[in-house]
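Q: Pasting in a structure now, in structure tokens, and then I'll have a few things to ask.
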Amino acid sequence: MAKIISNKYLGQDIHVMKIEGNFKGEMGQFYMVRSWDNYPVLSRPLSIHDIDDEGISFLYRVVGDGTKNFSKLEVNDEIKLEGPYGNGFPKVEGKVLLVGGGMGVAPLYLTAKRVSKLEDVEKLDVFMGFREKEMLKGEYEKYADNVHINVGGIITDDVDVDKYDYIFTCGPEIMMEKLVKMAKGKDTKVYVSIEKRMACGIGACLVCTCKTKDGNKKTCKDGPVFLGEDVFYE
Ligand SMILES: Cc1cc2nc3c(=O)[nH]c(=O)nc-3n(C[C@H](O)[C@H](O)[C@H](O)COP(=O)(O)OP(=O)(O)OC[C@H]3O[C@@H](n4cnc5c(N)ncnc54)[C@H](O)[C@@H]3O)c2cc1C
Ligand code: FES
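Going by the numbering used here, 18 is the number at position 18 of the sequence shown; the sequence numbering is gapless.
Now the structure itself:
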């Protein structure tokens with residue numbers, strides 16, 4: 001069990017929760033999180049938003065009973081975390097773009113922080129698309145050369161894939177698929193973070209199966225990060 005340090009409401013049903021402790025995790029990995037005993041039955045997967053000397057943070061939107069429970073937690077309340085799980089984004093070089101749509105921006109903060117420190121990265125841009133209102137621009141600006149926001153439009157319309165060696169993306173599948181198609185036949189490599197319903201989080205139940213060009217994969221163990229062309233290949 002770990003203790004809540006803060007659980008702030010940011011508007012639009014979105015909260016950022018910080019938990020005390022010395023947590024491990026790579027960019028794009030996730031934890032299975034629960035703050036209840038019996039209901040809901042399953043822990044909920046949340047991407048690592050940030051890790052610092054005090055603890056780990058998760059950025060989450062309230063969509064059902066599990067996330068509603070998280071939103072009611074107060075300072076010093078207890079919470080259980082298991083992880084880090086999943087593969088995470090690869091370490092890359094050159095010119096890198098992170099593209100997040102909606103709650104897909106959650107894992108991109110730790111990702112921006114870690115990518116900005118990679119020795120051979122020349123440039124890091126972050127593009128984020130929101131339906132109603134922007135958030136956290138200043139936070140991402142701490143690590144990115146350029147943070148571009150699109151509210152109410154289509155974020156992929158603003159991307160020039162030729163400018164980048166690598167694109168990491170998380171958010172609606174339609175957005176990630178579009179980026180993969182835009183990069184098809186070019187040198188730019190696109191990595192996508194896939195979101196599926198999860199039960200065990202460790203590769204034991206097959207609830208999170210993802211169809212890829214090389215057959216079915218477990219999103220929790222083989223992913224959640226995949227090379228885009230392996231997932232959106234049709
Ligand atoms: C690897 C991974 C990382 C994630 N990271 C984050 C994060 O950082 N922040 C965040 O807000 N959310 C994240 N999610 C989604 C989050 O796990 C779900 O929103 C949460 O489990 C919903 O639980 P609930 O009890 O509140 O809602 P439920 O009652 O379980 O579901 C409410 C609604 O959300 C849908 N839903 C639930 N889980 C998923 C899912 N995994 N994929 C698609 N639809 C779903 C349900 O179909 C239903 O319509 C992540 C999911 C995965 C798989
Ligand atoms: S959630 Fe059980 S195998 Fe992925």
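Quick reminder that beta carbons are idealized off the backbone N, C-alpha and C, glycines included.
Computed from a prediction, not measured in an experiment: that's the story for all the values here.
Please state the DSSP three-state secondary structure of T156.
A: In this structure, T156 counts as helix in the three-state DSSP scheme.
Q: State buried or exposed for M14, treating a residue as buried only when at least 16 other CB atoms are found within 10 Å of its CB.
A: A small correction: the amino acid at residue 14 is Ile; Met does not occupy that position in the sequence shown. With 16 or more other Cβ atoms within 10 Å, it is buried.
Q: Within the region 102-146, note down every full beta strand (DSSP E) run reaching 3 residues or more, in order along the chain.
A: You should have 121-130.
Q: Using C-beta distances below 8 Å, list every residue in its chain close to A144, excluding the 5 sequence neighbours before and after it, in chain order.
A: Only L98, A112, S116, L124, D125 and V126 meet the Cβ criterion.
Q: Grab me the residues of D165's own chain with a C-beta within less than 8 Å of its C-beta, minus the 5 sequence neighbours each way, in chain order.
A: Closer than 8 Å at the Cβ level, and outside the excluded window around D165, lie V92, E93, G94, K95, V96, D187, T188 and K189.
Q: Under 7 Å from any heavy atom of ligand 1, does the C-beta of F232 make it?
A: No - ligand 1 has no heavy atom lying nearer than 7 Å to the Cβ of F232.
Q: If distances are taken between C-alpha atoms only, which option among G100, K196 and Y31 comes closest to I237?
A: No information on residue 237 is available, as it lies outside the stretch 1 to 234 that the chain covers here.
Q: Distance, Cα to Cα, F89 vs I56?
A: For F89 and I56, the distance between alpha carbons rounds to 18 Å.
Q: For I194, I'd like the list of residues in its chain whose CB is within less than 7 Å of its CB, leaving aside the five on either flank, ordered along the chain.
A: Here the set comprises C210, T219, G223, P224, F226 and V231.
Q: In its own chain, which residues sit with a C-beta less than 8 Å from the C-beta of G214, not counting the 5 before and 5 after it?
A: A quick correction: the sequence has Asp, not Gly, at residue 214. For D214, where only same-chain residues beyond five positions count, the Cβ hits under 8 Å are D230.
Q: Taking 8 Å as the limit between beta carbons, can you name the residues of its chain near H236, skipping five residues before and five after?
A: This structure does not reach residue 236, given that the chain is present from 1 up to 234, and the question cannot be answered.
Q: From the DSSP output, which residues share a beta bridge with D50?
A: In DSSP, D50 forms a bridge with S57.
Q: At a cut of 8 Å, does the region 63-71 reach the region 18-31 through at least three beta carbon pairs?
A: Taking 8 Å as the limit for Cβ pairs, the verdict is that the region 18-31 does not touch the region 63-71.
Q: Take every Cβ of the region 195-202, pair it with every Cβ of the region 33-52, and state whether three or more of those distances are shorter than 8 Å.
A: Enough Cβ pairs lie closer than 8 Å, so yes.
Q: Given the structure, does S57 come close to ligand 4, in the sense that its CB is under 7 Å from one of the ligand's heavy atoms?
A: With respect to ligand 4, the structure shown offers nothing to examine, as its ligands consist of ligand 1 and ligand 2.
Q: Looking at R114 and ligand 1, is the gap between the Cβ and the nearest heavy atom below 7 Å?
A: No - ligand 1 has no heavy atom lying nearer than 7 Å to the Cβ of R114.
Q: Can you find a heavy atom of ligand 1 that lies under 7 Å from the Cβ of D165?
A: No.
Q: With DSSP collapsed to three states, give me the class of L179.
A: Reduced to three states, the DSSP call for L179 is helix.
Q: Where G201 and I51 are concerned, what is the direct C-alpha to C-alpha distance, given to the nearest angstrom?
A: Each residue's Cα considered, the two are about 20 Å apart.
Q: Alpha carbon to alpha carbon, how far is G171 from L10? Give it in angstroms, no decimals.
A: Whole-angstrom Cα-Cα distance: 19 Å.
Q: Could you have a look at F226 and say whether DSSP puts it in helix, strand or coil?
A: Note: F226 maps to strand in three-state DSSP.
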